[in-house]
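One structure below.
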Amino acid sequence: MICRMTKENLENLLLDPEMVSPEVRSHVAGCPECSRELAELQATMAVLDAWEAPEPSPFFDARMAAKLRAEREATPAGFFERMRARLTFGSNLGFRPIAAGAFALLILIGGGTYAGLVNLNAPTPAAVHPSAAIQDLQSLDDNAQVFQQLNALDQQDDDTSSAPVNSQL
Ligand SMILES: [Zn+2]
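This is how it looks when you write it as structure tokens:
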């Protein structure tokens, strides 16, 4: 039990030990498994600290500009195609399909208005939204927090689904 509590607090132990209860801290000192996990996490953090993002290729700006221009000139993609692209892109960041599905549901419930994807009152949508890609890039920032919350919900779901199923048999 205390091992499980400790594992949930490993990041805090590393980043902000004051947040962790003394009980857990003294457990880590005496428990080989927990102290090993903490050491592993420390090693991982050290690697991440030492890691430096590579310099972008000198052609990156030019290629990015060309891609943006092509997207701007392309005919605006349909809603579902854009949704698919968004979710495909999201999977690179570790979003799981269930979170993506929940997000899609939110969009449908909200009529798409909350994400600024669809303006139902606009008489000429094409004039209001010159480029799907640009708009997606802009709303991506706004949606990052929503994605995080959905991911958290998703993880809670996993926790409950891993509970014993046969308790009622
Ligand atoms: Zn332990």
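Going by the working numbering, the sequence shown opens with residue 1, and the numbers climb by one from there.
The beta-carbon is built from N, C-alpha and C at its ideal position, and this holds for glycine as well.
N- and C-terminal bounds of the alpha helix (DSSP H) containing residue i
i	result
residue 172	The requested residue 172 does not occur in the structure, where the chain is confined to residues 1 to 169.
residue 12	10–15
residue 20	Element bounds for residue 20: n/a, residue is neither H nor E.
residue 34	32–50
Whole-Å CB distance - residue i paired with residue j, under 8 Å assumed
i	j	result
residue 64	residue 14	At roughly 36 Å, the Cβ-Cβ gap does not stay under 8 Å, so residue 64 and residue 14 are not in contact.
residue 25	residue 17	7 Å
Residue i: CB within 7 Å of a non-hydrogen atom of ligand 1
i	result
residue 33	yes
residue 44	no
CB of residue i within 8 Å of CB of residue j, strictly
i	j	result
residue 47	residue 38	no
residue 12	residue 5	no
residue 52	residue 133	no
residue 41	residue 10	yes
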